[in-house]
Amino acid sequence: MRYSLLQGGKRIRPALVFLANAFCGANDEKALAPAAAIEMIHTYSLIHDDLPPMDNDELRRGKPTCHIEFGEANAILAGDALLTLAFEVLSRPSPLYTPDAQLRMIQTLAVAAGHRGMVAGQAFDLAHEDQPLTLDQLEAMHRHKTGALISASLTLGAQAANCQNQQLLQDLSRFGRIIGLAFQVKDDLLDIEGDTLTLGKPSGSDLARNKPTYPALLGIQGAKDKLLTLQEQAHKCLHDYGANSSALLALADYIVERNH
Numbered sequence: 155m156r157y158s159l160l161q162g163g164k165r166i167r168p169a170l171v172f173l174a175n176a177f178c179g180a181n182d183e184k185a186l187a188p189a190a191a192i193e194m195i196h197t198y199s200l201i202h203d204d205l206p207p208m209d210n211d212e213l214r215r216g217k218p219t220c221h222i223e224f225g226e227a228n229a230i231l232a233g234d235a236l237l238t239l240a241f242e243v244l245s246r247p248s249p250l251y252t253p254d255a256q257l258r259m260i261q262t263l264a265v266a267a268g269h270r271g272m273v274a275g276q277a278f279d280l281a282h283e284d285q286p287l288t289l290d291q292l293e294a295m296h297r298h299k300t301g302a303l304i305s306a307s308l309t310l311g312a313q314a315a316n317c318q319n320q321q322l323l324q325d326l327s328r329f330g331r332i333i334g335l336a337f338q339v340k341d342d343l344l345d346i347e348g349d350t351l352t353l354g355k356p357s358g359s360d361l362a363r364n365k366p367t368y369p370a371l372l373g374i375q376g377a378k379d380k381l382l383t384l385q386e387q388a389h390k391c392l393h394d395y396g397a398n399s400s401a402l403l404a405l406a407d408y409i410v411e412r413n414h
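Quick note: to get the working numbering, add 154 to the position in the sequence shown (first position is 1).
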């Protein structure tokens, strides 16, 4: 569990929890539990995704994947344990949250991680290897597989702050869906244009497995144009909040411009 959870990574999801929490006017202490919980969920998903029946990857964050280091059975158990630990952390009684806010956070994470969110996206991905997808199908898959947790990160940060502004919550959720798609488009481009050392995982793995990607559907330049369009949409989504949204928009720009 520690091997996979603590060995690095971009930490985009917990960063979004902290930024959304601050955006809603709360202190960082309120963001700690939901930020830790969502990173545990993300890490569990990576451990299971790397297993031979799924993506069968041997390198993650520049190190051997969990099942290569500890065996497949232990990797499955480590993922299972991180999944349950996430909800243990989020459900611990705390004076920082009202009971209602805590219940909302638990539900948000459960929906985003489960059969209506991340798991649904991964199942769709596995079912459609070697099959052509339309752009609408590809976006629907990634809204679940990648976008669900990214959008949930922002919602969790706002819920931890006990935000009651429905318009703000809707804007954050929409912003999350947009940058979630942008994250995936960029990942697809990096799989083609990046190198294994920089990425920390094998480059060209999507191409090798003939997985549906944005460059495969739109071409490399078309995927880059799509990425810029999403970046513009993200900025427009939070435009009315002025300087208060600068940190969130800076992270959106990082997602688009990163090299790993």
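Just so it is clear, CB atoms sit at the ideal spot from N, CA and C, and this is done for glycine as well. Predicted model only: the values in this text are computed from it and were never measured.
Return the CA-CA distance between residue i and residue j, expressed in angstroms with no decimal places.
{"i": "T309", "j": "D204", "result": "27 Å"}
{"i": "F337", "j": "A294", "result": "14 Å"}
{"i": "K299", "j": "Q387", "result": "20 Å"}
{"i": "S248", "j": "D254", "result": "12 Å"}
{"i": "Y368", "j": "L287", "result": "10 Å"}
{"i": "H296", "j": "A185", "result": "26 Å"}
{"i": "L382", "j": "L326", "result": "19 Å"}
{"i": "L371", "j": "L403", "result": "27 Å"}
{"i": "K164", "j": "F172", "result": "14 Å"}
{"i": "R258", "j": "Y408", "result": "29 Å"}
{"i": "H282", "j": "V273", "result": "14 Å"}
{"i": "A174", "j": "H221", "result": "34 Å"}
{"i": "D182", "j": "I201", "result": "28 Å"}
{"i": "L136", "j": "N228", "result": "With the chain covering only 155 through 414, there is no way to say anything about residue 136."}
{"i": "D379", "j": "D342", "result": "13 Å"}
{"i": "G225", "j": "A377", "result": "37 Å"}
{"i": "L289", "j": "I332", "result": "15 Å"}
{"i": "I260", "j": "A180", "result": "19 Å"}
{"i": "N319", "j": "I166", "result": "24 Å"}
To the nearest whole angstrom, what separates the beta carbons of residue i and residue j, a pair I think is in contact under 8 Å?
{"i": "S399", "j": "L405", "result": "That belief does not hold up - the Cβ atoms of S399 and L405 are roughly 10 Å apart, past 8 Å."}
{"i": "L231", "j": "A187", "result": "Not a contact, Cβ separation roughly 24 Å."}
{"i": "G268", "j": "G301", "result": "Between G301 and G268 the Cβ distance is about 14 Å, and since that is not below 8 Å, they are no contact."}
{"i": "A191", "j": "L263", "result": "6 Å"}
{"i": "Q375", "j": "V410", "result": "Not confirmed; about 15 Å, so no contact."}
Taking buried to mean at least 16 other C-beta atoms within 10 Å of its own C-beta, is residue i buried or exposed?
{"i": "K340", "result": "buried"}
{"i": "E193", "result": "buried"}
{"i": "G275", "result": "buried"}
{"i": "R246", "result": "exposed"}
{"i": "T238", "result": "exposed"}
{"i": "K390", "result": "exposed"}
{"i": "P206", "result": "exposed"}
{"i": "N210", "result": "exposed"}
{"i": "D345", "result": "buried"}
{"i": "A189", "result": "buried"}
{"i": "A397", "result": "exposed"}
{"i": "G373", "result": "exposed"}
Could you pull out every residue in the same chain whose Cβ sits closer than 6 Å to the Cβ of residue i, ignoring the five residues on either side in sequence?
{"i": "C178", "result": "A312, A315, C317"}
{"i": "D284", "result": "N364"}
{"i": "G162", "result": "R215"}
{"i": "T197", "result": "S158, L159, L236"}
{"i": "G330", "result": "I304, S305, L308"}
Would the beta-carbon of residue i be found less than 6 Å away from any heavy atom of the ligand SAM?
{"i": "A302", "result": "Summarising the ligand content, the structure contains no ligands, and the ligand SAM is consequently not present."}
Looking only at its chain, what residues have a beta carbon closer than 7 Å to the beta carbon of residue i, apart from the 5 residues adjacent to it on each side?
{"i": "V265", "result": "G271"}
{"i": "T252", "result": "N316"}
{"i": "R412", "result": "K340"}
{"i": "L280", "result": "M208"}
{"i": "M155", "result": "A232, A235, L236"}
{"i": "P218", "result": "E212"}
Below 8 Å CB to CB, which residues in the same chain sit around residue i once its five sequence neighbours on both sides are set aside?
{"i": "R328", "result": "C391"}
Got a sec: is the Cβ-Cβ distance from residue i to anything in chain D below 7 Å?
{"i": "G163", "result": "The structure shown contains no chain D; it is built from a single protein chain."}
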